[in-house]
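Adding 166 to a residue's 1-based position in the sequence shown gives its number in our numbering.
Notes to accompany the following structure.
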Amino acid sequence: MPHWITAPGGEEFVDIKYQMGDGIAKITINRPQVRNAFRPQTIIELIEAFHLARDNEEVGVIIFTGEGTEAFCSGGDINVRGDDGYLGDDKLAKKGIGRLNVLDLQVQIRRTPKPVVAMVAGWAVGGGHVLHVVCDLTVAADNAKFGQTGPMVGSFDGGYGAGLLAAHVGQKKAREIWFMTRQYNAQEALDMGLVNTVVPIAELEAETVSWCREMLRNSPLALRLLKASLNAADDGLAGVQQLAGDATLLFYMTEEGQEGRDAYMEKRDPDFGKFPKRP
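So this is what it looks like as structure tokens:
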């Protein structure tokens, strides 16, 4: 197991823990008293931690999890839900204006160019269920429970929570999950293609780290381009934009791309004729 240490930038977090070890970042929702339900402050800290992990050149893979064994995340904290979203402790909240900033986090996880692995023990329901759905891989403990609760509490997720879920498990099953608000155990989740593997809870972290280390042996640029490619079909033009941006990065790293830059800086005509016209 890695020797997890608080990663640079994670010292001041309250609702989460941001740690590093052996090239892996570990981001943990640390609110076990409410089954790791999130409030606006939690999401603000998670967004910052994912930014830090993305920008850290030593990090190749990110684990996303919840503190303890009872819950990965039970969704939005209903105790701070206002009339138009969730209320934090900032100036907007004091005016009675709520937030749905978890949507920003969902997009961020999809756009993060490093694999994100959900490590799920216990409940992954409601908004917490959507958070594991948007991760690249899910390693589940044998005590994990999955499901959508929105229609029971006057809520729903018509974005990734519906469309991406359907891409994973199929339209009929996704409608069952949302319309019936049932809960599913880890084996049922595995059978429907909702998670990648199920392990005994005592082995959950070791198995998740093992998966991360397997990925760390591979080309980071290839993993980046594969993630963008796999996301593109479900993310529409935004997904194509991410893939195109990654292709631009790759092109910038070639001699051909650098010839255009260098010619401009040297105030000369570029010589693209020296590069092959590949079939």
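All C-beta atoms, glycine included, are put in the ideal place defined by N, C-alpha and C.
Starting from K260, follow the alpha helix (DSSP H) in both directions and report where the run begins and ends.
Here the question's residue 260 lines up with position 94 in the sequence shown. Element bounds for K260: 257-260.
Could you tell me whether the Cβ atoms of A215 and I182 are closer together than 8 Å?
The sequence position of residue 215 within the sequence shown is 49, counting from 1. The sequence position of residue 182 within the sequence shown is 16, counting from 1. Taking 8 Å as the Cβ cut-off, A215 and I182 qualify as a contacting pair.
Determine, using beta carbons only, whether R265 comes closer than 8 Å to chain D.
Looking at the structure shown, chain D is missing, and only one protein chain is on hand.
Name the two residues that bound the continuous beta strand (DSSP E) containing T363.
In the sequence shown, counting from the first residue as 1, residue 363 sits at position 197. Looking at the DSSP string, the run of the beta strand (DSSP E) that includes T363 is 363-365.
Under 8 Å between the Cβ atoms of V365 and D308?
For this step, residue 365 is matched to residue 199 along the sequence shown. For this step, residue 308 is matched to residue 142 along the sequence shown. Yes, Cβ-Cβ distance for V365 and D308 is below 8 Å.
Return the chain-ordered ranges of every beta strand (DSSP E) run that is complete within the stretch 276-317 and spans a minimum of 3 residues.
282-286, 289-291, 303-307, 311-313
What residue from A287, D188, L297, P281 has the CA that sits closest to I209's CA?
The residue given as residue 209 occupies position 43 in the sequence shown. Closest option to I209, Cα to Cα, is L297.
Proximal residues to G405 (C-beta, below 6 Å), its chain only, five neighbours per side dropped
Translated into the one-based positions of the sequence shown, residue 405 becomes position 239. Here the set comprises N397, A398.
Skipping 5 residues on each side, what residues in its chain have a beta carbon closer than 6 Å to that of F179?
Here residue 179 is taken as the residue at index 13 of the sequence shown, counted from 1. Here the set comprises E211.
Kindly confirm or deny that the stretch 381-391 and the stretch 346-365 touch, where touching means at least three C-beta pairs closer than 8 Å.
no
Just tell me which of G262, E236, K257 has its CA closest to the CA of R247.
Residue 247 sits at position 81 when you count from the first residue of the sequence shown. Ranking the options by Cα distance to R247, first place goes to G262.
Have a look at G325, P206, T231, G292 and flag the residue whose alpha-carbon is nearest the alpha-carbon of R265.
For the purposes of this step, residue 265 is taken as the residue at position 99 of the sequence shown. Here the closest residue by C-alpha is P206.
Would you please state the rounded distance, in angstroms, between the beta carbons of P317 and W344? I believe it to be under 8 Å.
The residue given as residue 317 occupies position 151 in the sequence shown. The residue given as residue 344 occupies position 178 in the sequence shown. Contact flag correct, Cβ pair sits at about 7 Å.
Output needed for A437: all residues of its chain with C-beta closer than 8 Å, excluding positions within five of it in sequence on either side, in chain order.
Position 271 of the sequence shown, counted from the start, is the residue given in the question as residue 437. Correcting the residue identity first, residue 437 is Asp in this sequence and not Ala. If we look at D437 and ignore the five residues flanking it on each side, its Cβ neighbours are E425, A429.
From A333, A332, M285, A340, residue whose alpha carbon lies closest to that of A352:
In the sequence shown, residue 352 corresponds to position 186, counting from 1. Ranking the options by Cα distance to A352, first place goes to M285.
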